[in-house]
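Numbering (the numbering used here), first residue to last: 15 to 748.
The beta-carbon is built from N, C-alpha and C at its ideal position, and this holds for glycine as well.
Before any comments, here is the structure.
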């Protein structure tokens, strides 16, 4: 049986570290897939639980020289996020201290020789100061490099440790035995200030990188912070405030105006408007009354309500969203494989170049220049930027998507989404609202006006359970029309309903019912024909045996759907509507929505076949996205290259999809595709600059054109530039 687990990993600092852990996990028997995330410091492993135990996975990670532990069973997404935030805060605090000390020592080491140039004690003071930096703030580079060496590997820390260690050792030798150099006509140069400056600048880069990495999880942190710490519940008819962890399913809790809703629940009394923008991206508050569902983390704007707690803890909507985002950020985009392949050989290649540089300069010039050039090569090389290029962009993108009401399941889905060239839309609940609505009312004469007809119809249909009846009752309510008093209700299957309303015999239904009650329909036949041609359902109303009017009922096109479809077409995408509805109705909706191509009257299995046909069209292969919301859409969502589920639909559809839209607005689908395209563009930029930096920087260092201090500054900020470029996604808008 296949199981997935996310294991925290500590000690990784570059792409080589990430690649080494991932390689070890993938080679472990029973592991089907492994994704190691440098940003989140974790490994997400899919494994066969009959073939390998979680403890064995931890041991595989530890065998590479890094620490790992099994996740605690009682930790939910909120606890994990809080733990990660605390770890980031602690890391940043330590880096600030180490950076400040190292740069201060570097500044003093540069100033003292200028003030006391010929003092014999000067080299020894510099030796003491630099030794403090090497074995204090800089100690982490040497211990990590030694650990990698013990496991027969090398990483970024190896390059830093060898580079600064060589400069430090050279300076110590020149301090203790200066005659060794002077007797051979060589200057006994000291590089103490360079060692302190290199360590300080690299730590400064690490500090900026840690701060920037923390910013990439801003959206996720904001989501996790939405859950209140306490909740006000009813105990023995009294309100009692308790920690949120003590809330149980079935408890009645109270929410006052302006407060965050503490948990998922169902309103049992009161009414209000709820701001769900942080979860759905929808800016307008949503009216809530008795029987309506409310979601934990949203804001109660106007009234006070009492609600019964339903899903709690890790099963709540907010916790599931946070966990989905964490899973997505822990996933990998296929484009990352390129960086992984390079990182596996990067450090050994750089070490070889540094040795070759030393030998060349030793033969062509002198040992001093040979040491300086080799150190510069080691210091300027930066595998970190390659390791951060893809995951940073992915993390910012998934966070930004959540703010827009778009949940992306992972890097692979994101990469496929930017390749989409065909978008298939379900009709009901996707292009249309999925709820029949009275579009228009047409009285046949002067006996009744629109309000009078609706009053009679709503009175009769209030007893009916037909879906069209709900549309009529709702239309009257929206217009503040009081339904007529009804009696002697009779349902006539396949035709309509008959009842007495305000003392009149009212018949509501199709043309067959009108013939049964003897009503002449000729006066409104043209209106009915136009209604049917527009894809709307005509509903006749007869009063005392005479036609009083006709209502046009339809499932209206959603607000914003036409704009969304126009945007998709403007992006060069082919838009197709795929539905099981009658062709006439489907074509009418397509015309209104701006869709040229319609495939109608198809069963769920035929939807899958149509998706396959589009994917493997005779003329060319297509990358197909399917947007749907119903159970019948789940197979097609799974078959499509990218499944996009309307979050207001069913859980089954959401499970089958790669992207979930938290509100029923097609413009969110446009946002998801646009965000995917923008993110992939940034990922390629990041990888390009990470590669080109090393391609240009290493030869310059080998040629002796860069000093170790300049090389360290360049290396320190190369990673920061990649993260900063990814953070530009936070300003993304459609």
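Inspect the beta-carbon positions of residue 643 and residue 443 and report whether they are closer than 8 angstroms. yes
Leaving out the 5 sequence neighbours to the left and right, which residues in its chain are closer than 7 angstroms to residue 123 when beta-carbon positions are compared? 140, 143, 144, 206, 207, 210
Over the uninterrupted beta strand (DSSP E) stretch that includes residue 172, give me the two end residues. Premise fails: residue 172 lies in the alpha helix (DSSP H), 170-190, not in any beta strand (DSSP E).
Return the bridge partner residues of residue 253 from the DSSP annotation. 248
What are the uninterrupted segments assigned as alpha helix (DSSP H) that are 4 or more residues long and contained completely in the stretch 48-87, given in chain order? 68-76
Let me confirm a value: residue 710 is counted as buried when at least 16 other C-beta atoms fall within 10 Å, else exposed. Which label applies? exposed
Residue 435 (DSSP reduced to helix, strand or coil): coil
Looking at the structure shown, is residue 593 part of a helix, part of a strand, or coil, going by DSSP? coil
Using 8 angstroms for Cβ pairs, my map puts residue 641 next to residue 440. What's the rounded Cβ distance? 7 angstroms
Counting C-beta neighbours from all protein chains within 10 Å, is the total for residue 351 16 or more, i.e. buried, or is it exposed? exposed
Boundaries of the beta strand (DSSP E) in which residue 454 is found, first to last residue: 451-457
According to the Cβ coordinates, are residue 219 and residue 116 closer than 8 angstroms? no
Would you call residue 722 buried or exposed, if buried means 16 or more other Cβ atoms sit within 10 Å of its Cβ? buried
Should the stretch 517-527 be called in touch with the stretch 553-563, which here means at least 3 C-beta pairs below 8 angstroms? yes
Cα-Cα separation, residue 331 to residue 286: 20 angstroms
Check whether the Cβ atoms of residue 402 and residue 425 lie closer than 8 angstroms to each other. no
Under 8 angstroms between the Cβ atoms of residue 578 and residue 684? yes
Between residue 548 and the rest of its own chain, which residues show a CB-CB distance below 7 angstroms, the 5 nearest in sequence each way excluded? 602
From this set, 368, 404, 738, which residue's C-alpha is nearest residue 49's C-alpha? 404
Which of helix, strand or coil does DSSP assign to residue 130? coil
Could you check the C-alpha separation between residue 630 and residue 657 for me, to the nearest Å? 17 angstroms
Tell me whether the beta-carbon of residue 810 lies closer than 8 angstroms to the beta-carbon of residue 494. With the chain covering only 15 through 748, there is no way to say anything about residue 810.
I need the DSSP call for residue 699, collapsed to helix, strand or coil. helix
Enumerate, from N- to C-terminal direction, the unbroken beta strand (DSSP E) stretches of 3 or more residues contained entirely within the stretch 254-322. 266-269, 279-284, 286-289, 300-302
Nearest by alpha-carbon distance to residue 239: which of 333, 153, 197, 168 is it? 333
Check residue 635 in the structure and name its three-state DSSP category. coil
If distances are taken between C-alpha atoms only, which option among 364, 610, 564, 648 comes closest to residue 170? 364
Classification of residue 241 by the beta-carbon crowding that lies within 10 angstroms, buried from 16 upward: buried
Suppose contacts are defined by Cβ-Cβ distances below 8 angstroms. Is residue 6 in contact with residue 743 by that definition? A question about residue 6 goes unanswered here, because the residues of the chain that appear run from 15 up to 748.
Give the DSSP bridge partners of residue 512, in chain order. 504, 521
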